[in-house]
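Asker: Here the sequence shown stands for residues 345 to 405, numbered as in the numbering used here.
Ideal placement from N, C-alpha and C gives every residue a C-beta, glycine not left out.
Remember, predicted model here, so these are calculated numbers, not experimental data.
One structure is given below, represented as structure tokens, and several questions about it will come after.
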Amino acid sequence: MARDLNLALIPGDGIGTEVVAEAMKVLDAVAPKAGINVSTTHYDLGATRYNATGELLPDAV
């Protein structure tokens with residue numbers, strides 16, 4: 345039986361975007377072999393967003 349895994353992705357700023365992208369490649373390759381269904385929600389949080397919008401954490405989060 346497959347298990348479900350719900351992940352919140354918050355790459356943030358700097359190298360975080362690259363690290364999260366590479367980590368997801370690994371997870372996408374391994375999860376099916378382990379019987380895991382992965383679903384993700386991406387949150388655009390970090391200094392770049394704050395500087396652009398002036399909002400630290402949106403109400404939707």
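Taking DSSP's pairing of strands, which residues face T361 in a bridge?
Answerer: Beta-bridge pairing links T361 to no other residue.
Asker: With DSSP collapsed to three states, give me the class of L371.
Answerer: Note: L371 maps to helix in three-state DSSP.
Asker: CB-CB under 6 Å to D357, same chain, minus the five flanking residues each way: which ones, in chain order?
Answerer: G390, A391, T392
Asker: Kindly identify the DSSP beta-bridge partner or partners of I380.
Answerer: R347
Asker: Is A352 helix, strand or coil when you go by DSSP?
Answerer: strand
Asker: If contacts are defined as beta-carbon pairs under 8 Å, then I354 and Y387 qualify, I think. What distance do you get, rounded to the angstrom?
Answerer: 5 Å
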